[in-house]
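Letter by letter, the sequence shown follows residues 6 to 245 in the numbering used here. Encoded as structure tokens, the structure appears first; notes follow it.
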Amino acid sequence: MRGRVSVVLGLMVAAVLATALASGMRLAAPSEQPAAAAQQRLALFANFGSHTPPDDVRHVANWVADSRDNGPAPFIVVDKRQARIYVFDAQARLLDSTPVLLGSAPGDDSVPDIGTRALSQVLPHERTTPAGRFVAERGRNLTGEDVVWIDYDAAVSMHRVRTSNPQEKRLERLATPSIQDNRISFGCINVPVAFYETHIRPVFTAQRAIVYVLPEVKSVQEVFGSYDVMTTQQAAMQHQ
6 MRGRVSVVLG LMVAAVLATA LASGMRLAAP SEQPAAAAQQ RLALFANFGS HTPPDDVRHV
66 ANWVADSRDN GPAPFIVVDK RQARIYVFDA QARLLDSTPV LLGSAPGDDS VPDIGTRALS
126 QVLPHERTTP AGRFVAERGR NLTGEDVVWI DYDAAVSMHR VRTSNPQEKR LERLATPSIQ
186 DNRISFGCIN VPVAFYETHI RPVFTAQRAI VYVLPEVKSV QEVFGSYDVM TTQQAAMQHQ
């Protein structure tokens, strides 16, 4: 019985194929179907409103919007070269942007054991803000302050700007148009208090969010594996 059913099914499939070929229909291979669907899909772009971001910021935000790399979560882009952050909602709409303070040493990687050391043991050239994609969440540091942990193992967090050392003049550094004096921390991202309370804290109140820290030595493609959304969209339109 089972063999008879197999024969009948085989004859039916052969008949369908013969009809398709006779009518000139082209049967797409399975691998071609996703490509065709991708070509028909319109690209998605981040909405910066009235802001004009640097090319790398726009590139990464557009890639996140189009690829949905952030999933259902809001996301933040940290531009180390310009010492500035951009906060987006889950639909890639910019909420606001502000200058920040960053690690004093240039570089895109943290020293492997830096999270286990006291601050006094961190050498000047090791005070980097690492680049990469981080699933960030709220927590508390050793002093009990609520912060957003970017990389817990490396002890890198995002927090309100600290003014405990007047000689560092951190508020003045945030206020100047220069970006060179924004490099002062041990690696953490210092955010103006009002901005932190208005945008950072609400984003992390009930959920995690994705933080993309852009590199300053490597390329964004090397760090994130991102693609240029505009180029992809143009290529898709040419194949339509």
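From the three backbone atoms N, C-alpha and C, an ideal C-beta is built for every residue, glycine too.
With fewer than 16 other beta carbons inside 10 angstroms of its own, R46 counts as exposed.
Minimum Cα-Cα distance from G108 among the listed residues G230, D233, D186 and F209 corresponds to D186.
CA-to-CA, the gap between A78 and S55 works out to about 23 Å. Counting the other Cβ atoms within 10 Å of the Cβ of S115 gives 16 or more, which makes it buried.
Note on geometry: alpha-carbon atoms of P197 and D233 lie some 32 Å from one another. The beta carbon of A88 is closer than 8 Å to those of P104, V105, L106, L107, I184, N187 and R188 in its chain, skipping five residues each way along the sequence. Bridge partners of Y91 according to DSSP: V82 and S102. Each of A211, V83 and E131 was checked against the Cα of I155, and the nearest Cα belongs to V83. Minimum Cα-Cα distance from R63 among the listed residues D71, A51 and R73 corresponds to A51.
When beta bridges are read from the DSSP output, I194 appears opposite M163. Distance from R132 to G192 at the Cβ level is roughly 6 Å; contact confirmed, criterion being Cβ atoms closer than 8 Å.
Per DSSP, V116 is not a residue of any alpha helix (DSSP H), being assigned neither H nor E.
Three or more beta-carbon pairs separated by less than 8 Å are not found between the stretch 219 to 234 and the stretch 119 to 131, which leaves the two stretches without contact.
Within the same chain, N146, V152, V153, W154, I155 and C193 come within 7 Å of S162 by CB-CB distance, once the 5 residues on both sides are set aside.
Here the alpha carbons of A110 and F93 stand approximately 27 Å from one another.
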